[in-house]
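Right, one structure below, let's go through it.
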Amino acid sequence: MRDNLLDVENLSMRFGGLLAIDDLSFSAKKDNITSIIGPNGAGKTTVFNCLTGFYKATSGSMFLNKDNKKLDLKKFSDFKVAQKAGVARTFQNIRLFPQMSVLENMMVAQHNKLMIASGFSILGLLNAPSFLKKEKEAVEISKYWLDIINLTNRADDNAGDLPYGDQRKLEIVRAMCINPHLLCLDEPAAGLNAKESAELNKLLLFIKNEKKTGILLIEHDMSVVMGISDHVVVLNYGKKIFEGTAKETKNSPEVIEAYLGTED
Amino acid sequence: MNKNFFQSSIKDSLFTGLIALALFGPIVGLRTVAVNEALVVQPKWLVVGLIVLACTIGRFLINIYTFKKEQRRGEPSSISKIITNFLDTKGAQIALGAVIFSVIFPFMPFADRYWMDIAIMMMTYIMLGWGLNIVIGLAGLLDLGYVAFYAVGAYSYALFAIHFGWSFWICLPLAGLFAGLFGILLGFPVLRLRGDYLAIVTLAFGEMIRILLLNWYDLTKGPDGLTGIPRPSFFGLPFKRYPDEGVETFHTFFGLEYSPMQRIIFLYYLILILALITNFFTIKIRKLPVGRAWEALREDEIACKSLGVNPRNTKLTAFAVGAMFGGFAGSFFATRQAFISPESFTFIESAIIVAIVVLGGMGSQTGVVLSTIFLIGLIEVFRDFESYRMIAFGGAMVLIMVFRPKGILATRKPTITMRKEK
Chain S
1 MRDNLLDVEN LSMRFGGLLA IDDLSFSAKK DNITSIIGPN GAGKTTVFNC LTGFYKATSG
61 SMFLNKDNKK LDLKKFSDFK VAQKAGVART FQNIRLFPQM SVLENMMVAQ HNKLMIASGF
121 SILGLLNAPS FLKKEKEAVE ISKYWLDIIN LTNRADDNAG DLPYGDQRKL EIVRAMCINP
181 HLLCLDEPAA GLNAKESAEL NKLLLFIKNE KKTGILLIEH DMSVVMGISD HVVVLNYGKK
241 IFEGTAKETK NSPEVIEAYL GTED
Chain G
1 MNKNFFQSSI KDSLFTGLIA LALFGPIVGL RTVAVNEALV VQPKWLVVGL IVLACTIGRF
61 LINIYTFKKE QRRGEPSSIS KIITNFLDTK GAQIALGAVI FSVIFPFMPF ADRYWMDIAI
121 MMMTYIMLGW GLNIVIGLAG LLDLGYVAFY AVGAYSYALF AIHFGWSFWI CLPLAGLFAG
181 LFGILLGFPV LRLRGDYLAI VTLAFGEMIR ILLLNWYDLT KGPDGLTGIP RPSFFGLPFK
241 RYPDEGVETF HTFFGLEYSP MQRIIFLYYL ILILALITNF FTIKIRKLPV GRAWEALRED
301 EIACKSLGVN PRNTKLTAFA VGAMFGGFAG SFFATRQAFI SPESFTFIES AIIVAIVVLG
361 GMGSQTGVVL STIFLIGLIE VFRDFESYRM IAFGGAMVLI MVFRPKGILA TRKPTITMRK
421 EK
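And the structure:
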């Protein structure tokens with residue numbers, strides 16, 4: 001499976017007596033949007049937390065195919081997953097830096113690159129031209145992404161003052177600033193109105209098609225899931241109950257049962 | 001509607017008067033006096049009446065002057081707001097004015113020994129406040145043991161200067177380095193802690209350093225303290241009336257009359273320069289990636305991790321840099337006093353520095369200056385009241401917290417802006 005971006009094999013996560021993820025295996029292809037859906041409490045966010053190093057999986061393995069090298073994600077602890085493996089994520093309840101400006105949010109995402117450019121602050125303190133150039137580049141990258149989500153004119157406002165929908169989009173483009181291989185989005189459409197979800201779809205398709213970044217998506221909003229997913233994985237009680245294309249998922253009796261219950 | 005408001009104001013102030021009566025009636029009104037070996041209650045209703053009247057009228061005035069405007073404009077309008085607006089728009093000019101004033105201050109006619117000493121003390125607190133501002137204001141790590149680094153700086157300066165006879169300009173960076181190392185030492189165990197837990201551990205750390213200094217008699221002379229710390233010299237020229245044989249002093253070199261003020265003025269400029277270095281360093285580093293990472297860490301540590309920012313290194317650098325400036329201030333303290341003992345590094349010092357930073361407005365450099373002038377100045381002004389002056393100190397804190405809950409200057413300027421880049 002050379003074109004797989006992510007291979008999750010027999011992943012389990014146990015919290016005391018609760019088995020949150022039970023022997024889960026799935027893969028995500030390159031340049032694809034893979035959705036993980038399931039009823040509340042099915043273990044979707046737990047999968048994300050294992051992938052991005054916030055939890056240590058009880059057993060199983062996760063491999064990321066980066067530049068034709070297989071990286072074992074289990075070996076990276078929290079921030080290193082983003083720094084070394086290039087897995088970015090967003091959160092169910094938006095986690096921006098609310099008291100910092102929109103542009104600063106984007107700059108923090110480019111921290112590691114800028115830190116090296118600033119010679120671990122020594123060159124930066126001396127105003128070295130090489131650092132100033134890199135900083136300018138980082139601002140350009142931020143501007144590029146802010147232009148895409150139409151937030152450039154609010155770049156100097158506090159991120160916490162933005163409307164909810166813009167905060168969601170900002171969190172996604174901020175994650176894109178670390179130049180990820182895999183972007184994990186945890187319910188990006190939660191709380192968005194119909195127009196905003198349509199814009200979100202456009203943004204995600206742009207990331208997939210133009211930036212060739214694989215996307216892993218947790219979502220409840222079916223207009224988003226069905227509209228843009230190439231592949232859908234359905235979880236219930238920590239187990240995978242179905243896997244297939246969006247259309248297949250819609251018609252699958254197991255999925256309907258998980259969401260709506262059985263007919264007596 | 002206006003009439004309605006007037007009525008409710010009267011009602012509200014009468015109610016305030018009632019509370020005042022209930023409170024002050026028994027406390028002030030009833031006084032026991034010894035008459036012929038028996039205790040007699042002596043009522044003082046006139047005083048109570050005056051207090052109650054003052055409370056009622058005061059409340060009424062607040063009602064019609066402050067709350068009314070609030071209703072009209074939909075936002076609180078008070079003197080503090082006007083002051084903040086003024087400081088926001090004219091910040092650069094005010095800062096420049098303040099620097100110029102502090103440079104010419106020693107040559108003001110009123111700048112006698114007493115004022116110079118206060119100015120030096122205030123400047124030391126401002127520097128400590130700026131140093132701690134990195135840790136608390138930028139990185140959001142509530143450090144209640146900051147005085148430990150001040151102590152480490154003072155003691156390492158004193159020990160190097162006494163035992164090796166090195167000059168101030170060699171010992172100063174060494175003391176900063178030592179304090180910075182202690183900052184990292186404290187940083188490691190508290191990496192996972194936040195908020196209250198962090199505050200408790202740093203508090204304990206501060207006490208540990210003090211107790212260590214008190215008990216390690218061979219090195220620190222314990223409670224006796226270290227004496228004979230060399231005074232600073234002006235590029236090798238000592239400030240002495242009767243120098244040793246063959247040594248040129250400051251006043252003979254410049255052909256001046258000897259005056260003890262020369263040394264004081266030199267010390268004043270020394271701490272002014274050190275404080276300004278701290279200030280410019282902080283302003284600059286805030287705009288660097290590491291400074292932004294500090295602030296991001298204060299805002300949301302989990303989001304930082306998800307963006308690949310190393311929280312451990314970020315926190316440790318904040319602790320180390322903050323501690324280093326504490327160490328610099330400590331070595332200045334040692335050379336100024338020529339005597340140090342653990343007495344000078346008690347928890348109350350930490351508390352005052354934290355109060356300066358928090359009341360100034362977290363992360364605001366100018367706010368630190370304002371709150372230092374306000375708090376330390378008040379303590380000095382009320383010196384005649386002896387221990388009651390701490391009431392003024394507490395009162396000042398309460399006033400600031402009531403009128404400016406986020407600190408005197410709570411506005412934050414972005415470290416980088418788009419408009420400039422265009």
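In order, the protein sequence lines correspond to chains S and G.
Numbering (this note's numbering) for the first sequence: 1 to 264.
Numbering (this note's numbering) for the second sequence: 1 to 422.
All residues carry an ideal CB built from backbone N, CA and C; glycine is no exception.
So G:G153 and G:A355 are supposed to be a Cβ contact under 8 Å. How far apart are they, rounded?
Position 153 of the second sequence holds residue 153 of chain G. Position 355 of the second sequence holds residue 355 of chain G. Going by Cβ atoms, the distance from G:G153 to G:A355 rounds to 21 Å, so no, they are not a contact pair.
Can you list, in chain order, the stretches of the alpha helix (DSSP H) that have 4 or more residues and sit fully within the region 175–201 of chain G?
As far as the region 175–201 of chain G is concerned, it has no whole alpha helix (DSSP H) run of at least 4 residues.
Contact defined as beta carbons within less than 8 Å: I believe S:V87 pairs with S:H181. What is the distance between those atoms, to the nearest angstrom?
Here residue 87 of chain S refers to the residue found at position 87 of the first sequence. Here residue 181 of chain S refers to the residue found at position 181 of the first sequence. Right, their Cβ atoms sit about 7 Å apart.
Below 8 Å between beta carbons is the criterion; list the residues of the region 256–282 of chain G that meet it against any residue of chain S, in chain order.
Of all residues in the region 256–282 of chain G, F281 have a Cβ within less than 8 Å of some Cβ in chain S.
For S:G244, which residues of its own chain have a beta-carbon under 8 Å away from its beta-carbon, when the five flanking residues on both sides are left out?
Taking the first residue of the first sequence as position 1, residue 244 of chain S is located at position 244. Cβ within range, chain order: H231, V232 and S252.
Compare the beta carbon distance of S:A28 and S:L51 with 8 Å and say whether it is the shorter of the two.
Position 28 of the first sequence holds residue 28 of chain S. Position 51 of the first sequence holds residue 51 of chain S. Not a contact, by the Cβ cut-off of 8 Å.
Please return the same chain residues whose Cβ sits closer than 8 Å to the Cβ of G:Q262, not counting the five positions on each side in sequence.
Taking the second sequence and counting its residues from 1, one reaches residue 262 of chain G at position 262. F239, F250, H251 and L256, listed in sequence order.
Could you give the distance in angstroms between the alpha-carbon of G:F319 and the alpha-carbon of G:I353?
Residue 319 of chain G sits at position 319 when you count from the first residue of the second sequence. Residue 353 of chain G sits at position 353 when you count from the first residue of the second sequence. Going from the Cα of G:F319 to the Cα of G:I353 covers about 15 Å.
Is there a C-beta anywhere in chain G that falls below 8 Å from the one on S:K70?
Sequence index remark: in the first sequence, residue 70 of chain S carries index 70 (1-based). No, S:K70 does not count as interfacial toward chain G.
Compare the C-beta of G:T335 with all C-beta atoms of chain S and state if any pair is closer than 8 Å.
As a working note, residue 335 of chain G is residue 335 in the second sequence. No, no contact with chain S.
For G:L359 versus G:L375, is the C-beta distance shorter than 8 Å?
Walking along the second sequence from the start, residue 359 of chain G turns up at place 359. Walking along the second sequence from the start, residue 375 of chain G turns up at place 375. The answer is yes: Cβ separation under 8 Å.
Put G:E421 into one of helix, strand or coil per three-state DSSP.
Reading the second sequence from its first residue, position 421 is the one you call residue 421 of chain G. The predicted model places G:E421 with a pLDDT of 44, which falls under 50 and marks its position as unreliable; any figure quoted below should be read in that light. Correct three-state label for G:E421: helix.
Does the beta carbon of G:P230 sit closer than 8 Å to a beta carbon anywhere in chain S?
On the second sequence, position 230 is the one that residue 230 of chain G refers to. So no, G:P230 is outside the interface.
Are the CB atoms of G:I162 and G:G225 within a distance shorter than 8 Å?
In the second sequence, residue 225 of chain G corresponds to position 225, counting from 1. In the second sequence, residue 162 of chain G corresponds to position 162, counting from 1. No, they are not a contact pair.
So, is G:T415 buried or exposed, given that buried needs 16 or more other C-beta atoms within 10 angstroms?
Taking the second sequence and counting its residues from 1, one reaches residue 415 of chain G at position 415. So G:T415 ends up on the buried side.
On a Cα-Cα basis, can you pick out the residue from G:G145, G:Y150 and G:R210 that is closest to G:G187?
Counted from its first residue, the second sequence places residue 187 of chain G at position 187. Taking only the C-alpha atoms, the option nearest G:G187 is G:G145.
Within the 8 Å Cβ cut-off, does S:D161 reach chain G?
As a first step, residue 161 of chain S must be located in the first sequence, where it is residue number 161. Chain G, which has no Cβ nearer than 8 Å to the Cβ of S:D161, makes this no.
Using three-state DSSP, classify S:M115 as helix, strand or coil.
As a position in the first sequence, residue 115 of chain S is number 115, starting the count at 1. Reduced to three states, the DSSP call for S:M115 is helix.
In three-state DSSP terms, what is S:T34?
Taking the first residue of the first sequence as position 1, residue 34 of chain S is located at position 34. DSSP places S:T34 in strand when its eight states are reduced to three.
Over the uninterrupted beta strand (DSSP E) stretch that includes S:H181, give me the two end residues.
Here the question's residue 181 of chain S lines up with position 181 in the first sequence. Where S:H181 is concerned, there is no enclosing beta strand (DSSP E), given that its DSSP letter is neither H nor E.
Do you know offhand how far G:F168's Cα is from G:W115's?
To locate residue 168 of chain G, count along the second sequence from 1; it is residue 168. To locate residue 115 of chain G, count along the second sequence from 1; it is residue 115. Looking at the two C-alpha atoms, the distance is approximately 25 Å.
G:L172 and G:S344 look like a contact to me (Cβ under 8 Å); what is the Cβ gap, rounded to whole Å?
Working through the second sequence from its first residue, we reach residue 172 of chain G at position 172. Working through the second sequence from its first residue, we reach residue 344 of chain G at position 344. Actually they are not in contact, since the Cβ atoms of G:L172 and G:S344 sit about 18 Å apart, beyond 8 Å.
Run the CB neighbour count on G:A38, radius 10 Å, all protein chains shown included, and call it buried at 16 or more, exposed below.
To locate residue 38 of chain G, count along the second sequence from 1; it is residue 38. G:A38 comes out exposed.
Please confirm whether G:I82 and G:V321 have their CB atoms less than 8 Å apart.
Translated into the one-based positions of the second sequence, residue 82 of chain G becomes position 82. Translated into the one-based positions of the second sequence, residue 321 of chain G becomes position 321. No, the Cβ-Cβ distance between G:I82 and G:V321 is not below 8 Å.
Interface residues of chain S around G:R412 at Cβ under 7 Å?
Taking the second sequence and counting its residues from 1, one reaches residue 412 of chain G at position 412. What G:R412 touches in chain S: Q99.
Can you tell me the Cα-Cα spacing of S:I116 and S:E257, whole angstroms?
Your numbering for residue 116 of chain S matches position 116 in the first sequence. Your numbering for residue 257 of chain S matches position 257 in the first sequence. Cα to Cα, S:I116 sits roughly 52 Å from S:E257.
Taking three-plus beta-carbon pairs below 8 Å as touching, is the region 394–408 of chain G in contact with the region 359–370 of chain G?
The region 394–408 of chain G, when compared against the region 359–370 of chain G, does touch it at the 8 Å Cβ threshold.
My understanding is that G:V357 touches G:V368, with C-beta atoms under 8 Å, so please give their C-beta distance in whole angstroms.
On the second sequence, position 357 is the one that residue 357 of chain G refers to. On the second sequence, position 368 is the one that residue 368 of chain G refers to. Yes, they are in contact, since the Cβ atoms of G:V357 and G:V368 sit about 6 Å apart, within 8 Å.
Assuming S:L205 contacts S:P188 (C-beta within less than 8 Å), just tell me the rounded distance between them.
Locating residue 205 of chain S in the first sequence gives position 205, counting from the first residue. Locating residue 188 of chain S in the first sequence gives position 188, counting from the first residue. Not really, about 13 Å apart at Cβ, beyond 8 Å.
For the pair the region 191–198 of chain S and the region 101–112 of chain S, tell me if three or more CB-CB distances fall below 8 Å.
These segments do not touch.
Rounded to whole angstroms, how far is the Cβ of G:R231 from the Cβ of G:T335, which I believe are closer than 8 Å?
Counted from its first residue, the second sequence places residue 231 of chain G at position 231. Counted from its first residue, the second sequence places residue 335 of chain G at position 335. The pair is a contact, with the Cβ atoms about 7 Å apart (cut-off 8 Å).
Using the three-state DSSP reduction, which class does G:P440 fall into: helix, strand or coil?
The shown model of chain G, from 1 to 422, leaves out residue 440 of chain G, and the question about it has no answer.
Distance, Cα to Cα, S:Q167 vs G:P311?
For this step, residue 167 of chain S is matched to residue 167 along the first sequence. For this step, residue 311 of chain G is matched to residue 311 along the second sequence. Cα to Cα, S:Q167 sits roughly 23 Å from G:P311.
Could you name the residues of chain G that S:F79 contacts, counting a contact when the two beta carbons are closer than 7 Å?
Position 79 of the first sequence holds residue 79 of chain S. Correct list: K305, G308, V309, N310 and P311.
In three-state DSSP terms, what is G:H163?
Counted from its first residue, the second sequence places residue 163 of chain G at position 163. Note: G:H163 maps to helix in three-state DSSP.
Using a Cβ-Cβ cut-off of 8 Å, state whether G:M418 counts as contacting chain S.
Your numbering for residue 418 of chain G matches position 418 in the second sequence. Yes, because at least one Cβ of chain S sits closer than 8 Å to the Cβ of G:M418.
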